[in-house]
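Engineer: The following block contains the structure, expressed as structure tokens.
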Amino acid sequence: MSIELKNVTYTYMPKTPYERIALDDVSFVIEQGSFTAIAGHTGSGKSTLVQHLNGLLKPAGGAVLVDGVNLHGKNKEDKVKAWHARQQVGMVFQYAETQLFEETIEKDIAFGPQNQGLSEEETKERVKEAMELVGLSYETYKDVSPFALSGGQMRRVAIAGVLAMHPKYLVLDEPAAGLDPRGREELMATIQKLHRKWKLTIVFVSHSMEDIARLADKMVVMQAGHLRAVGTPAEIFADAQLLQETGLEAPQMMQIMQRLRAAGLPVNEHALTPEAGLQSLREVFHVK
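If you want it as structure tokens, here you go:
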């Protein structure tokens, strides 16, 4: 099971003076169970790309398949299959708190399941489950206005609203954008838990190389609408030429370890996270 992009091309405002190719012949696979990060500078095509993953945008060329189903089938039977496939891909937009609109958290999260035709009892169970998944107590928060929460909590409510519809794949576009350090840390910990404990397949767009290094097991690099590279974060960050050409930087810990290595310390210059860097230093200095 997977999401597969096959030669996907997308053009904004085609056949006008403002025509711009946003995606050009993009192909790769997001395997079920993976934690995939999509990186690239502003204008690289990241947000356009993820909006194809649940059919919000239709490619001008190529196809997007979810569990083998084309999201833009042509005949009636294929369109029904496509509708069901799209329900497997939950989308959380950048600044997701703008998706909130109901007077209480419970009502906001219940909106999706209700529109799926679930009973009142099933909907309530989905709401409880989703709130638990994002670390919000049902009894404590169900009657609270979502607009009375902190920025990080509002993001978690928005994610819960998507989780309540039981997607197999969760797509997040810059989920931590604009949050303070504490809110960012809490939100990213929630997303990590969804992947590790609840086995959700995660796709997230991020400008934070630290978040990518810490969380992702697969990394997709976009540049000017083109797919530049697909690999593990370790593979991508070890490619100095790719980083230079795309304007990306290795995580700060990796940069520090490279400087220490250049200064003569036999540390692991490919350590991506503070934990890995500390372990390497302990080994060098024989500290348990």
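Per UniProt numbering, residue 1 is the first one in the sequence shown, and the count goes up by one each step.
Just so you know, even glycine gets a beta-carbon here, dropped at the ideal spot from N, CA and C.
Every value quoted in this text rests on a predicted model; they were computed, and no experiment measured them.
1) Residue 149 to residue 120, Cα distance in whole Å?
2) Quick check: the Cα distance between residue 185 and residue 67, rounded to an integer number of angstroms?
3) With distance defined between alpha-carbon atoms, name the residue in 90, 72 and 211 nearest to residue 82.
4) For residue 270, which residues from the same chain have a beta carbon less than 8 Å from its beta carbon, with the 5 sequence-adjacent residues on both sides left out?
5) Which term fits residue 88, buried or exposed, when burial requires 16 or more other beta carbons within 10 angstroms of its beta carbon?
6) How many angstroms separate the CA atom of residue 246 from the CA atom of residue 122?
7) Please classify residue 206 as buried or exposed, where buried requires at least 16 neighbouring CB atoms within 10 angstroms.
8) When you compare only the Cα positions, how much space is there between residue 164 and residue 5?
9) Suppose you measure from the CA of residue 167 to the CA of residue 286; what does that come to, to the nearest Å?
10) Tell me which same chain residues have a C-beta within less than 7 Å of the C-beta of residue 40, skipping the five on either side of it?
11) Tell whether a beta-carbon distance below 8 Å holds between residue 162 and residue 90.
12) From the DSSP output, which residues share a beta bridge with residue 63?
13) DSSP on residue 232, reduced to helix/strand/coil?
14) For the pair the region 12-22 and the region 191-202, tell me if three or more CB-CB distances fall below 8 Å.
15) Below 8 Å CB to CB, which residues in the same chain sit around residue 62 once its five sequence neighbours on both sides are set aside?
16) How would you label residue 175, buried or exposed, when you count the other beta carbons within 10 angstroms and need 16 or more for buried?
17) Out of curiosity, what's the CA-to-CA distance linking residue 226 and residue 160?
18) Using 8 Å as the threshold, is the C-beta distance between residue 35 and residue 217 below it?
19) Determine the DSSP secondary structure at residue 174, reduced to helix, strand or coil.
20) Between the beta-carbon of residue 212 and the beta-carbon of residue 37, is there less than 8 Å?
21) In whole angstroms, what separates the C-alpha of residue 93 from that of residue 2?
22) Hey, how far is the Cα of residue 261 from the Cα of residue 268?
23) Using CA atoms only, rank isn't needed, just tell me which of 219, 242 and 244 is closest to residue 232.
24) Does residue 364 pass the burial test, meaning 16 or more other C-beta atoms within 10 Å, or should it be called exposed?
25) Looking only at its own chain, which residues have a Cβ that is under 8 Å from the Cβ of residue 86, when we skip the five neighbours before and after it?
Structural biologist: A quick look at the data gives this:
1) Sequence index remark: in the sequence shown, residue 149 carries index 149 (1-based). Sequence index remark: in the sequence shown, residue 120 carries index 120 (1-based). Approximately 26 Å, taken between the alpha carbons.
2) Reading the sequence shown from its first residue, position 185 is the one you call residue 185. Reading the sequence shown from its first residue, position 67 is the one you call residue 67. When the Cα atoms are used, residue 185 and residue 67 turn out to be separated by approximately 32 Å.
3) Translated into positions along the sequence shown, residue 82 becomes position 82. Answer by Cα proximity: 72.
4) Counting from one through the sequence shown, the residue named residue 270 turns up at place 270. The beta carbon of residue 270 sits closer than 8 Å to the beta carbons of 234, 237, 238, 254 and 257 from its chain, once the five residues preceding and following it are set aside; these are given in chain order.
5) By one-based count along the sequence shown, residue 88 stands at place 88. So residue 88 ends up on the buried side.
6) Position 246 of the sequence shown, counting from 1, holds the residue named residue 246. Position 122 of the sequence shown, counting from 1, holds the residue named residue 122. Taking the straight line joining both Cα atoms gives about 47 Å.
7) In the sequence shown, the residue the question calls residue 206 occupies position 206. Residue environment for residue 206: buried (at least 16 other C-beta atoms within 10 angstroms of its C-beta).
8) If you number the sequence shown from 1, residue 164 lands on position 164. If you number the sequence shown from 1, residue 5 lands on position 5. Rounded to whole angstroms, residue 164 to residue 5 spans 26 Å at the Cα level.
9) Residue 167 sits at position 167 when you count from the first residue of the sequence shown. Residue 286 sits at position 286 when you count from the first residue of the sequence shown. Cα to Cα, the separation comes out at about 47 Å.
10) Here residue 40 is taken as the residue at index 40 of the sequence shown, counted from 1. Cβ within range, chain order: 46, 221, 222, 223 and 246.
11) For the purposes of this step, residue 162 is taken as the residue at position 162 of the sequence shown. For the purposes of this step, residue 90 is taken as the residue at position 90 of the sequence shown. When the beta-carbon positions are compared, residue 162 and residue 90 come within less than 8 Å of each other.
12) Taking the sequence shown and counting its residues from 1, one reaches residue 63 at position 63. According to DSSP, which records beta bridges pairwise, residue 63 is partnered with 6.
13) Looking up residue 232 in the sequence shown gives position 232. Look at residue 232 here: in three-state DSSP terms it is coil, with no helix or strand label.
14) Touching, no.
15) Counting from 1 along the sequence shown, the entry for residue 62 is found at position 62. Correct list, in chain order: 5, 6, 7, 8, 9, 25, 26 and 27.
16) In the sequence shown, counting from the first residue as 1, residue 175 sits at position 175. Burial of residue 175 is indicated by the presence of at least 16 other C-beta atoms within 10 angstroms of its C-beta.
17) The residue you call residue 226 lines up with position 226 of the sequence shown. The residue you call residue 160 lines up with position 160 of the sequence shown. If I take the Cα positions, the gap works out to 32 Å.
18) In the sequence shown, counting from the first residue as 1, residue 35 sits at position 35. In the sequence shown, counting from the first residue as 1, residue 217 sits at position 217. Remark: C-beta atoms of residue 35 and residue 217 approach each other more closely than 8 Å.
19) The residue labelled residue 174 in the question sits at position 174 within the sequence shown. Coil, per DSSP.
20) Residue 212 sits at position 212 when you count from the first residue of the sequence shown. Residue 37 sits at position 37 when you count from the first residue of the sequence shown. It is a contact, given that the beta carbons lie within the stated cut-off.
21) Taking the first residue of the sequence shown as 1, we reach residue 93 at position 93. Taking the first residue of the sequence shown as 1, we reach residue 2 at position 2. Going from the Cα of residue 93 to the Cα of residue 2 covers about 21 Å.
22) The residue you call residue 261 lines up with position 261 of the sequence shown. The residue you call residue 268 lines up with position 268 of the sequence shown. A direct Cα-to-Cα measurement between residue 261 and residue 268 gives close to 8 Å.
23) By one-based count along the sequence shown, residue 232 stands at place 232. Closest option to residue 232, Cα to Cα, is 219.
24) Examination of residue 364 is not possible in this model, given that the chain is present from 1 through 288 alone.
25) Residue mapping note: residue 86 aligns to position 86 of the sequence shown, counting from 1. Within the same chain, and ignoring the five residues on either side of residue 86 in sequence, the residues whose Cβ sits closer than 8 Å to its Cβ are 54, 55, 66 and 71.
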